[in-house]
Each structure stands twice: as structure tokens, then as C-alpha cells.
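Novice: My structure is below; once you've seen it, I'll send some questions.
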Amino acid sequence: MTKRIFRAIFYVTLVILIAAMVIILAFIRDFNKNNYREQMKNEAEYIADGLSYGGISYLEGLPKDSNRITWIDEDGVVLYDSQADASTMENHKEREEVQEALATGRGESSRYSTTLAEKTENYALRLDDGTVLRISATTLTTLSIFLSMTQPMAVALVLALVLALFLASKTSKHITKPLEEVDLEHPEQALVYDELSPFLRRISAQNRQIQRQMREMQRRQREFRTITENMQEGILVLDTRGEVLSYNTGAMRLMGIDSITEKENIYTLNRSEGFRTCVEAALHGKHEEITMEQGGRSYQLLANPVMEENTVVGAVLVLFDNTEKAEREKLRREFTANVSHELKTPLTSISGFAEIIKNGMVRQEDVPRFAENIYQEAQRLISMVQDIIQLSRLDEGDSGMEKIPVDLAAVAQSAISRLRPLAEQKGISLQTDTEPAQIMGVPHVLEEIIYNLCDNAILYNREKGSVHLQVKKEGDQAVVIVSDTGIGIPYEEQERVFERFYRVSRSRSKEVEGTGLGLSIVKHGAMLHNASLSLESEPEKGTVIRLIFPAK
Amino acid sequence: MRTRFDEQLDQLHIELIKMGALCEEAITAALRSLFERDMSLIPVVLEKDGEIDRKEREIEALCMRLLLQQQPVARDLRTISSALKMISDMERIGDQAADIVEITENMHDKNFEIASSIHIHSMSKEAVKMVTNSVDSFVKRDLALAEEVIRYDDIVDDLFAKIREELIELMRQGGTEGEVYIDLLMIAKYLERIADHATNIAEWVEYSITGVHGKMDGGEA
């Protein structure tokens, strides 16, 4: 803008300057011409006077270096010429000024020389005797005046131009200075030209609007961040090139990365095959999901394309840890498979025995033996179903299991008294060593735990072995210890004995009836009571199981 | 504002990551087919090898375009020239994975048990780890990791020598599976080559970062 104003001022000045010069020049020319004519007229009249008194000799006495003087008679014959020999000159009758003078008494004309640089002004005067006196003066033309003035004019022009430049620059700066000083953050405070105030008001209003919108956007962004940051799931937003636009800490945690630099490509974070195909599918507009295994954990990845008017503009990846879910699923599948298998075995026996009897292939005296077998298998089924019910109750958690103050010693005695017949039958000696220990618990679950532990200790014992049950207080804690002199549990299997349906050394399980659920019930019962359960066992020596109940 | 050149460089980086990932997958699948006797993995490995070859040509074309059209200098030039070298090493890793499954296919009908005394298991683990680490060092532009890979090469070389001794010992004891021993020795040699290629990749990573190539004056591995 400054430049434009400067240029405008400068050009205007230039035009005015040139116009002024031209006009002045014209005036000078006009003035010159008139002045000259007047002089020549005076001179002619003066010489005419002189001629009438002195004749031709007067003319000859005049100085030769002034204006040219020619005397012509009425027929145009030159009688005298101050600068040439009169006798050799041609007839002047036809000359414009002479004609005019003969007709009207005086005549004027001007003739340009061939170079145009000079001009001859003629003034003719008719004398009383009818002859004509002509004065010729050579003057400079306007062009030559102009040319002769070129140098001073150029100097003046240059000076004027320099002045114009300086002033134009000053003025334009002066005009634009207030505009430059306008503070666009606060345009309403600026005191400049009135013509600008509508713009400034508008800018000010728009400033306020932008600030409002910025605040709103920041608020929304904060909101979005707060939501995503508090999510357990990982979220990654990608653009079409696969560069990360936005992410949350959940995503970093799940992908096992410490930092994501701005605009980092997703493939530098994870390049595994499943992940790649998933991301690529999303960037090609297809929803895709996979389960990834990484570092022993299982992750579910959902990749969704972000569409805008039928074109993919990016993708959103959602990542969550479903290790526990996958494990639970696996456990459930195993449990179902085990249950059906375990239930099927006794049922097959029952069905087999019953079929033989039905077909009449059994002698009457053998029927009781078969019936006994069927009864035993049915009993096994019943106890297994009971165990499963018990386990599923424990799985459900606290519902229907109200905790009341219980004396562990009394519960232990009750369990032992139920087991005594079995112990006697197997020839195992049962020793108890109990002291009162109050805890908060579910009586029938506690009795089931101790019963199952002692039952196992009796069943998996050697001949003439012993089982020792101890209930004691250790500080605030109540401790139950069941030790036996039994067959023990192989080291590599010790971890697994608490799993459902897991039975040590399958060959032996034929000898001893069992459901494989007893220790699982113990484990879940202990969990219900927040008790810690530990197992020490040495094959062929015996097993010690220790239950520690926390303080009341 | 990103220039077209920057965009193409980024694209080169991503394509190299993809190619590296394919190598990891090919070698891992090849070794699984060997140890788990899973013949269904053989076509998977061959398919991956083909894909690696296609990627090599693709990346090569991209590098050529970059070199001709953009005439890069200094660091960018190093990146592109090391990319050109890296892809040939990656391509070789793919080929060797394919070679391993070819041997696996031959071994399939023979009834044998890879004796646990032979270190081939640990050697394959180390080789895969080297490939993974070399690709990782490129992805993360991690100089320390690249140097670690280069140092690691000796361990794999030692393992190869050890496996060779073990197999010779087995043959001397009159093992009946002579053919299998030879096959195992070949596989060990391929693994040793794969480790060398991983080392080369790591060296090119080092070069593209520092401008100094470790083996410029030494012999080829």
C-alpha cells in the first residue's frame, strides 16, 4: 500500500511538473514573438524616417551587422540590401510581406530555414513614395529555444524529481503509518481513519468468535482426552498413510511401547502379520478384527475405517486385553469336556449292566452282584453331581453363603467323626490335635474342605499309614494342617492337583474311587474364606496341606 | 509442508518395514514347519518368499525413482543406497527360508526325532532373534541394537560349529539316520547364512545412521 501511494504521488508530481514546464515554455515563446515584432516595427519606422531625409546613403551608413535591411521599389526591384549586392538579387514583388505591404501599407511574414532551427521574421513597410522597406531578422525557433533550455531544464527536473521522491516517500509512509500500528488483537482500540472503522469492528467481532470457537474446541478435545485416557482399551487414530494422528496411553500400554513420536507410522510400532492385514483392510474401507498374541497375553484388535463421502480418510484401531476372557473361555471348554467325560463313564457301566440283565443273560444268583455294581456307579454319579453343584455354588461367590463365627476345631471334629468308619475300614490311624480357633466362615463349606482333605489323606495312604489333623492358632491366624504318610504327589504334578478333574497318575485312579473334584472344592472354599493354601509333598513319603485363615 | 520427496522417503521406510516383517514371518514359519512337522506351512513360506521377491523389485524401483528424480545427497542418499543393499539381503533371507522348507519336505517321510542334544533349536531361535532385531534396529533407527546384532553373529557362528561337531559325533556312533544328519547340517548352514544376512542388514542400518560402514575395508562375511 505504501508503495502504491508513493507511486501515485510521484507520478502526479511528475505529470504536473512536465505540464508546468510546457505551459511556461509556450508563454515564453508567445512573449518573445510579440516583443520581437514590436521592435522590428519600431526599427522600420525609424529607418523609414531616416531614408526620407538621407536617401540611400543613409541606409549605407547604417551598421551592417544588425538586422537585414532591404529596400525595394514598387515593381519589386531591390534597390538596396544591407547584406548582399542589390543588383544580383531577384525580383521581390512576389514576396508575401511585400505584396501585403504594397496592398495595405505594411506586411509581415515568417519563413523557416531548412534546418528549422532558425526562423526569419520579415516586416515590410510601404513608404510614402511607394517603395517598400523590409527588415528581416533571424530569430531562434521554439524548438531551438527549447533545445537551448534542455540543460537547465534537466537540472531542474532532476532536482524536482529528487524532491518529489523524497516527499512522496514521506507522505506515503505518513499515510500508512496509522494502519500499520493497528493492533489486530484489539482492533476496536485503534484510532485511525473513520473509513476503516467498519472493517475494524468486523475484525474485532470475528476475533471474539474465533476465540469462542477455540475455547469450545479445546474443551471438546480435553473432554475426548479425558474419556480416552481413562479407558482400559487402547485407541489409535490413523490417517490414510497409516500415520498415528491420536492415541491414548491405553494403546501404548497394550502395544508395549514407551513413546509415539508425532506422525509416526503405525507399522513402526507393530509389524506382525495379523496387525498389518487388519490395518490394511481398515485403510481399504473394510472392518476387520483379530486376536493377537503378544508376550503371553492375548489382545483383541478391532480396526474400523473412517469414511467421509465414500472415501476412506483414516482408520480407528481399538485394542483390548482379553487374556482373562480367553483363559476363562478355555477353562470353561475344558470343564465341559471333562464333566461330560466323567459323567459318561459311570453311565456307560450302568447302561451296560442293565442291558445284560435285560437280555436275560444273567443268572438269577448273579443279579445282586450286578445290582451292586449299578448301585456303586450311581452313587459315584451322585457324588460327582453333588461336587459339581458345590463347585458351581462356590463359583457363584457369596450368594447363599453367609459367614458366621465358626469354631474350626468343632468343624474338624465333626468331619473326622464322619470319616472314622472309612479309616477303620482301610486300617489307617486318625490322630487329631485341635485347639479352639474362631473364624468367620460358612460352616458347611469349611467342613467340606476338612472332610475332603482328610478323605484324600486316608484314600491315598499306604497300608497301616496314619493321618494327622491339626487345628491351632498362630497369632491372629487360624491354621489347619493335614498330613499323611501316603503315596505323595509327584513333583511335576503338584501344581495341577487343584485343577478340576485332575487326578494324579491315571493308573492309580482306577484303584481309588474319586471324582477329581475334591481338591478343586478345597481350593475354591479356601478362596471364599481368603485362606491361603499350600502343599508340600514327597512321593512315597506323604503330603502336608496347610490352610491359613486370616484373622477375623 | 511435506514435500513429495519426504513422502516418498517415508513410503520407502514403510515398505522396508513390511519387507522385513515378511522375512521374519517366512523364517519363523519355515522353522515351525521343521520342528512341529507342520507341512501345511510349506506353501505359506513359499508364498511369503514370492511376496518378498515382489517387494524387492517394488522397493528397488522406488529407490531408482528417488535417485533419478530427486537426486538426493548426504543422509538421504545414504538411506536410499543402504535400502538398496538391505533389500538384497532380505531377499536372500526369504530364499533361504524357502530352501529350509524344501529340506523339511524331504525329511517329512522319514521317521526321526531331532535329538534334543543337538543345538539346532537354540541356533534357530538365535537366528530368528537376529533377523527380528536387525529389522527392529532399522524400524527404530536404533544404533545400539544394530551393533548388538553385529556382535551376535559370532554366537551363531559358534553354534554352527558346535552343531557340526555334534552331528559328526552322532554319525561316528553309528547313527542310522545319516541322511537326516546331512539335512540338519544343511539347515544349520542356512541358519548361519541367515544370521550373516541379518548382520549385513544391521551394518547397513549402522551405515545409514552414522555414514560409516563397519566392513567397508574388511572382507565380506
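Residue numbers (the working numbering), protein chains in the order written: chain A, 804 to 1355; chain B, 21 to 241. The C-beta atom is built at its ideal place from N, Cα and C for all residues, glycine as well.
For A:GLY857, count the other beta carbons within 10 Å of its own beta carbon; 16 or more makes it buried, fewer makes it exposed. Which is it?
Specialist: exposed
Novice: Quick one: is A:GLN1035 buried, meaning 16 or more other Cβ sit within 10 Å of its Cβ, or exposed?
Specialist: A:GLN1035 sits exposed, since fewer than 16 C-beta atoms from the chains shown fall within 10 Å of its C-beta.
Novice: Please confirm whether A:ARG1183 and A:PRO1224 have their CB atoms less than 8 Å apart.
Specialist: no
Novice: What would DSSP say about B:HIS33, mapped onto helix, strand or coil?
Specialist: helix
Novice: Given that a residue counts as buried once 16 or more other Cβ atoms are within 10 Å of its Cβ, and exposed if not, what is A:MET1110?
Specialist: exposed
Novice: Which partner residues of A:GLN1097 appear in the DSSP bridge assignment?
Specialist: A:ARG1100
Novice: Taking the C-alpha atoms as reference points, what is the distance between A:VAL1119 and A:HIS1090?
Specialist: Annotation: A:VAL1119 to A:HIS1090 spans about 10 Å, alpha carbon to alpha carbon.
Novice: Any beta carbon from chain A within less than 8 Å of B:GLU45's own beta carbon?
Specialist: Yes, its Cβ sits closer than 8 Å to a Cβ of chain A.
Novice: How long is the line joining the alpha carbons of A:GLY1345 and A:ILE1284, rounded to whole angstroms?
Specialist: 13 Å
Novice: Name, going along the chain, the residues of the segment 1096-1125 of chain A whose beta-carbon falls closer than 9 Å to a beta-carbon of chain B.
Specialist: If the cut-off is 9 Å between Cβ atoms, the segment 1096-1125 of chain A has nothing near chain B.
Novice: Roughly how many whole angstroms lie between the Cα atoms of A:VAL1347 and A:ILE1252?
Specialist: 14 Å
Novice: How would you list, in chain order, the residues of chain A whose beta-carbon sits under 7 Å from the beta-carbon of B:ASP173?
Specialist: Simply none; closest approach about 23 Å.
Novice: For the ligand ADP, I want to know if A:THR873 counts as a neighbour, meaning its beta carbon is within less than 7 Å of at least one of the ligand's heavy atoms.
Specialist: No copy of the ligand ADP appears in this structure; indeed no ligand is present at all.
Novice: Could you pull out every unbroken beta strand (DSSP E) segment of at least 3 residues lying fully inside the segment 1223-1249 of chain A, listed in chain order?
Specialist: 1232-1237, 1241-1244
Novice: Check whether the Cβ atoms of B:ILE229 and B:LEU163 sit closer than 8 Å, and answer yes or no.
Specialist: Using a Cβ distance threshold of 8 Å, B:ILE229 and B:LEU163 count as a contacting pair.
Novice: For B:HIS233, which of helix, strand or coil comes out of DSSP?
Specialist: coil
Novice: With a cut-off of 8 Å on the beta carbons, I'd call A:ALA927 and A:GLY910 a contact; round off their distance for me.
Specialist: 4 Å
Novice: Hey, would you say B:LEU104 sits closer than 8 Å to B:GLU125, going by beta carbons?
Specialist: no
Novice: Going by DSSP in three states, A:LYS1275 sits in which element: helix, strand or coil?
Specialist: strand
Novice: Is it buried or exposed, A:ASP1236, if we count other Cβ atoms within 10 angstroms and call 16 or more buried?
Specialist: So A:ASP1236 ends up on the exposed side.
Novice: Considering just the uninterrupted stretch of the beta strand (DSSP E) at A:GLY910, what are its terminal residues?
Specialist: That run of the beta strand (DSSP E) goes 909-915.
Novice: How is A:SER1340 classed by DSSP in three states: helix, strand or coil?
Specialist: strand
Novice: Closer than 8 Å, CB to CB, is A:THR1071 near chain B or not?
Specialist: yes
Novice: So, does the CB of B:ILE229 fall closer than 8 Å to a CB anywhere in chain A?
Specialist: For B:ILE229, the answer is no, since every Cβ of chain A falls outside 8 Å of its Cβ.
Novice: Using the rule of at least 16 other Cβ atoms within 10 Å of the residue's Cβ for burial, across every protein chain shown, is A:LYS1161 buried or exposed?
Specialist: exposed
Novice: Under a three-way DSSP split, which group does A:LYS1089 fall into?
Specialist: coil
Novice: Excluding the five sequence neighbours on either side, which residues of its own chain have a C-beta within less than 7 Å of the C-beta of A:SER975, listed in chain order?
Specialist: THR805, ILE808, PHE809, ILE812
Novice: Would you check if the distance between the CB atom of A:LEU936 and the CB atom of A:ALA851 is smaller than 8 Å?
Specialist: In contact: A:LEU936 and A:ALA851 (Cβ atoms closer than 8 Å).
Novice: For A:ARG1079 and chain B, any beta-carbon pair shorter than 8 Å?
Specialist: At least one chain B Cβ lies under 8 Å of A:ARG1079.
Novice: Name, please, each residue of chain B whose Cβ falls closer than 8 Å to the Cβ of A:GLU1076.
Specialist: ALA41, GLU45
Novice: Using the DSSP secondary-structure output, state which residues sit across from A:GLY1345 in a beta bridge.
Specialist: A:GLU1341
Novice: Among the residues of its own chain, which have a CB less than 7 Å from the CB of A:ILE1231, if the five just before and after it don't count?
Specialist: Excluding sequence neighbours, A:ILE1231 sits near ILE1261, ASN1264, GLY1268, SER1269, VAL1270.
Novice: Does the segment 57-77 of chain B come close enough to the segment 99-116 of chain B to have 3 or more Cβ pairs within less than 8 Å?
Specialist: yes
Novice: Of the choices A:PRO1246, A:PHE1304, A:PRO1208, whose alpha-carbon is the least far from that of A:ALA1140?
Specialist: When each option's Cα is compared against that of A:ALA1140, the closest is A:PHE1304.
Novice: Got a sec? Which residues, its chain only, sit under 6 Å from A:THR941 by beta carbon, not counting five neighbours each side?
Specialist: GLU921, THR923
Novice: Tell me which same chain residues have a C-beta within less than 6 Å of the C-beta of A:THR1288, skipping the five on either side of it?
Specialist: GLY1268, SER1269, GLY1345
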